[in-house]
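**Student:** Here the sequence shown is numbered in numbering that gives the first Met the number 0, starting from 0 and rising by one per residue.
Got a structure for you, written out below as structure tokens; questions coming shortly.
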Amino acid sequence: MSFFGSLGTSATALTAQRLRMDVISQNMANVDTTRTEDGTPYKRKAVIFEEITERSNFAKYLDRAMNSAAGYGVRVSEIVEDDTPGSKVYDPSHPDADEDGYVTKPNVNVVEEMVNMISANRSYEANITAINTTKAMIAKTLEIGK
């Protein structure tokens with residue numbers, strides 16, 4: 000894999016983890032949202048990643064010429080809603096309470112979201128470290144050529 004391929008792979012991971020962090024933030028912001036536009040409680044969202052396996056035509060020919068067999072990074076394939084039911088809380092005075100006085104809360108678990116946020120943050124940091132290491136290797140390679 001070339002230096003630029005390594006940078007590209009890490010860059011795709013940074014983009015994917017940033018979107019994951021945005022979705023986690025959205026989940027945490029809606030932890031108490033009992034009514035959305037469609038009248039139901041907020042449903043937790045999750046990010047699904049997939050490997051990038053195809054390249055543009057030019058990149059395919061360049062990779063073939065350089066005998067590159069490495070992957071091309073990661074991307075978000077979709078953002079899915081979690082259909083697990085939310086908890087029910089007894090609050091007959093709440094405007095969204097059912098006929099028995101129970102309010103259905105969103106299925107967002109703050110502890111789980113915090114763990115996901117830490118994981119996304121660590122992945123982001125790891126890719127920043129990989130980019131900085133690649134940049135240092137490029138600089139050392141250029142020093143050798145002097």
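In this text, a Cβ means the ideal position worked out from N, Cα and C, and glycines have one as well.
1) Beta carbon of residue 149, beta carbon of residue 47: below 8 angstroms?
2) On the premise that residue 95 lies in contact with residue 45, defined as a C-beta separation below 8 angstroms, what is that separation, rounded to the nearest angstrom?
3) CB-CB under 7 angstroms to residue 130, same chain, minus the five flanking residues each way: which ones, in chain order?
4) According to DSSP, is residue 71 part of a helix, a strand, or is it coil?
5) Give the secondary structure of residue 140 by DSSP, where H, G and I count as helix, E and B as strand, and everything else as coil.
6) With DSSP collapsed to three states, give me the class of residue 8.
7) DSSP three-state label for residue 45, please.
8) With DSSP as the reference, label residue 111 as helix, strand or coil.
9) Measure the Cβ-Cβ separation of residue 41 and residue 52 and say whether it is below 8 angstroms.
10) Taking Cβ positions, are residue 107 and residue 43 nearer each other than 8 angstroms?
11) Go ahead and label residue 84 buried or exposed: buried means 16 or more other beta carbons lie within 10 angstroms of its beta carbon, across all protein chains shown.
**Tutor:** According to the structure shown:
1) The structure shown has nothing for residue 149, since the chain only spans 0 to 145.
2) Actually they are not in contact, since the Cβ atoms of residue 45 and residue 95 sit about 24 angstroms apart, beyond 8 angstroms.
3) Counting only Cβ-Cβ distances below 7 angstroms, and skipping sequence neighbours, we find 6, 9.
4) coil
5) helix
6) helix
7) strand
8) helix
9) Residue 52 sits away from residue 41, with the two beta carbons spaced by 8 angstroms or more.
10) yes
11) Exposed, because fewer than 16 other Cβ atoms sit within 10 Å of the Cβ of residue 84.
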